[in-house]
Amino acid sequence: MNAAPPVQEPPPSRKPDRKDFRDFLSTSDEQGGRRWLYPRKPRGRFYQRRICLSWLLLGILFAVPFIKINGNPMLMLNVVARRFSILGRIFWPQDMALLAIALLLYFTGIMIFTAAYGRLWCGWVCPQTLFMEMVFRRIEYGIEGDSRAQRALAAAPWTARKTGIKLAKHALFFGLSFVISNLLLAYVIGIDQLLAIVTDSPARHLEGLAYLLAFTGVFYAIFARFREQACTFICPYGRFQSTVLDENTVAVAYDYKRGEQRAGLARRQSPAQRRQDGKGDCVDCGCCVAVCPTGIDIRNGNQMECVNCTACIDACDGVMDKLRRPRGLIRYASLNGIERGEPFRFTPRMGVYAAVLSVLMGLFLFLVLTRPNVEATFLRAPGALFERTPDGNLVNLYTVQLVNKTSRPVPVQLRLEGIPGKISIMGDPALIVPGEQLAETSVLIELAPALLKNGPKKFDVGVYSQGRRLQTVHTTFIGPRD
Numbered sequence: 010m011n012a013a014p015p016v017q018e019p020p021p022s023r024k025p026d027r028k029d030f031r032d033f034l035s036t037s038d039e040q041g042g043r044r045w046l047y048p049r050k051p052r053g054r055f056y057q058r059r060i061c062l063s064w065l066l067l068g069i070l071f072a073v074p075f076i077k078i079n080g081n082p083m084l085m086l087n088v089v090a091r092r093f094s095i096l097g098r099i100f101w102p103q104d105m106a107l108l109a110i111a112l113l114l115y116f117t118g119i120m121i122f123t124a125a126y127g128r129l130w131c132g133w134v135c136p137q138t139l140f141m142e143m144v145f146r147r148i149e150y151g152i153e154g155d156s157r158a159q160r161a162l163a164a165a166p167w168t169a170r171k172t173g174i175k176l177a178k179h180a181l182f183f184g185l186s187f188v189i190s191n192l193l194l195a196y197v198i199g200i201d202q203l204l205a206i207v208t209d210s211p212a213r214h215l216e217g218l219a220y221l222l223a224f225t226g227v228f229y230a231i232f233a234r235f236r237e238q239a240c241t242f243i244c245p246y247g248r249f250q251s252t253v254l255d256e257n258t259v260a261v262a263y264d265y266k267r268g269e270q271r272a273g274l275a276r277r278q279s280p281a282q283r284r285q286d287g288k289g290d291c292v293d294c295g296c297c298v299a300v301c302p303t304g305i306d307i308r309n310g311n312q313m314e315c316v317n318c319t320a321c322i323d324a325c326d327g328v329m330d331k332l333r334r335p336r337g338l339i340r341y342a343s344l345n346g347i348e349r350g351e352p353f354r355f356t357p358r359m360g361v362y363a364a365v366l367s368v369l370m371g372l373f374l375f376l377v378l379t380r381p382n383v384e385a386t387f388l389r390a391p392g393a394l395f396e397r398t399p400d401g402n403l404v405n406l407y408t409v410q411l412v413n414k415t416s417r418p419v420p421v422q423l424r425l426e427g428i429p430g431k432i433s434i435m436g437d438p439a440l441i442v443p444g445e446q447l448a449e450t451s452v453l454i455e456l457a458p459a460l461l462k463n464g465p466k467k468f469d470v471g472v473y474s475q476g477r478r479l480q481t482v483h484t485t486f487i488g489p490r491d
């Protein structure tokens with residue numbers, strides 16, 4: 010009886026050959042010179058989704074400065090005047106603890122998001138990517154054509170046609186940069202002040218105009234010259250991601266187990282024959298590299314320049330469709346998902362990040378909800394001691410600073426809390442703090458000497474407005490030593 014022939018297993022897949030890996034930046038040559046990129050226009054389902062999301066986000070970005078809540082901008086970050094408006098609530102330098110916690114929340118959220126889903130922020134939400142890929146790049150495609158036409162135009166001698174094309178493109182780039190600089194300035198100084206600068210005589214707003222032109226020059230340089238180098242050289246996020254990514258992070262990845270060994274497609278070669286010959290599904294067409302806006306080869310693994318824009322996924326899926334092979338040779342996946350077929354899982358490290366984020370979120374909400382609309386500071390008058398009244402009581406002089414964090418005037422009354430005595434406001438007793446301003450006055454507090462038998466007396470002063478207590482301030486009263 011003849012023995013059954015041995016079962017022939019397909020050869021094991023292997024990782025890409027290390028000689029294909031680069032040791033220099035994709036936008037620079039080996040001598041450090043600039044290597045200009047001409048990425049092919051992407052097409053596919055992910056690109057269409059990015060277009061829809063981009064227009065939605067750009068619409069929100071341009072609409073927010075015009076939205077006001079309770080008369081205040083929805084979002085304004087006036088660093089120069091140290092005045093911030095978030096969701097219609099005004100924040101001042103006295104609220105630096107809140108702003109610090111908000112920044113910690115932002116960075117912790119990015120850490121959790123990056124640890125779980127890689128640089129999804131960069132490819133889908135980052136304003137730099139939105140403007141570069143969905144606005145400026147699309148204008149360039151419309152004026153100069155796709156990558157092949159752009160290369161030909163760059164290599165062509167300077168003629169009237171080339172000069173006209175370049176002038177038209179850069180004029181549009183500069184105009185859009187001017188619009189974006191106006192948008193940024195609206196987030197800094199507010200839409201009302203920006204409209205005053207735009208509609209009034211430039212001679213009366215030279216400082217604002219100078220800032221506007223400076224921002225315009227910066228944005229024009231970024232989108233017309235630096236481009237992807239703003240992500241690879243300037244933005245630290247690409248380097249930061251290496252500290253939080255692990256084998257369970259989901260990112261744009263090449264399935265080398267399925268794709269290797271790469272080889273061109275032979276005529277009438279079936280997938281089974283390719284496997285028997287030790288060839289993978291990757292036909293080494295280079296489409297994934299041609300569409301990459303940062304010029305990398307995703308088949309070399311996760312790289313600092315990869316912004317997870319999914320252009321390589323769409324390009325590879327298009328090739329797989331033509332070859333009648335399953336999509337997903339390049340896809341969103343983790344290293345463990347490719348090597349072991351493991352599904353996404355929430356790791357202990359993500360749990361720690363999430364716990365820290367929850368604590369910061371709770372602390373931030375507590376501080377926001379308990380934040381007084383009027384903040385008072387009681388300071389003893391410098392160099393002033395105590396005085397005696399004709400009836401024998403003791404008087405201390407205080408300086409009071411009141412910061413109104415709202416946009417409306419707030420009448421304020423001061424009361425002693427839990428202690429008998431008298432409090433008097435020097436000058437006009439009707440203390441009204443103007444909206445978004447600081448008021449300062451002097452206050453006399455009178456107490457009986459019997460309250461100071463054990464030394465200086467600590468007590469509270471209540472800050473009230475229309476019968477509602479806004480804040481309680483702690484201070485100290487001094488008198489004679491026995």
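Okay, so the sequence shown: first residue is 10 according to this note's numbering, each after it adds one.
All C-beta atoms, glycine included, are put in the ideal place defined by N, C-alpha and C.
Quick caveat: nothing in here was measured; it's all calculated off a predicted structure.
For a cut-off of 8 Å, the C-beta gap from residue 319 to residue 132 is around 6 Å, short enough to register as a contact.
Each of 355, 104, 39, 189 was checked against the Cα of residue 382, and the nearest Cα belongs to 104. A straight-line Cα-Cα distance of about 15 Å links residue 75 and residue 189. For residue 431, the secondary structure class from DSSP, reduced to helix, strand or coil, is strand. Taking the Cβ atoms as the reference, residue 423 lies roughly 13 Å from residue 441, outside the contact range of under 8 Å. Per DSSP, residue 305 is not a residue of any alpha helix (DSSP H), being assigned neither H nor E. Within the model, the alpha-carbon separation for residue 168 versus residue 174 is close to 10 Å. For residue 92, the closest C-alpha among the options 354, 416, 207 is that of 416.
About 5 Å separates the beta carbons of residue 123 and residue 253, which is inside the 8 Å limit, making them a contact pair. Minimum Cα-Cα distance from residue 317 among the listed residues 389, 392, 55 corresponds to 55. Shown here, residue 218 sits in a helix according to DSSP, grouped into three states. A residue is called buried once 16 or more other Cβ atoms fall within 10 Å of its Cβ, and residue 405 is buried on that count.
Of the candidates 220, 77, 227, 227 places its Cα closest to the Cα of residue 182. When C-beta atoms of the region 39-57 are compared with those of the region 291-309, three or more pairs fall below 8 Å, so the two segments count as touching. Nearest to residue 358 by alpha-carbon distance, out of 66, 117, 157, 265, is 117. Judged by DSSP in its simplified three-state form, residue 288 adopts coil rather than helix or strand. Residue 120: member of the alpha helix (DSSP H) spanning 105-126, first to last residue. In this structure the region 474-489 lies against the region 386-404, because at least three pairs of beta carbons, one per stretch, are closer than 8 Å.
Excluding residues up to 5 positions away in sequence, 83, 84 lie with their Cβ nearer than 6 Å to the Cβ of residue 73 in the same chain. Just so you know, the alpha carbons of residue 470 and residue 185 end up roughly 55 Å apart.
Per the DSSP secondary-structure output, residue 471 pairs in a beta bridge with 424, 481.
Contact between the region 151-162 and the region 191-199 is not established, with fewer than three Cβ pairs separated by less than 8 Å. Counted as a single uninterrupted DSSP element, the alpha helix (DSSP H) harbouring residue 138 occupies residues 136-140. Counting the other CB atoms within 10 Å of its CB gives residue 61 a total below 16, which places it among the exposed residues. At least 9 Å separates the beta-carbon of residue 402 from that of residue 445.
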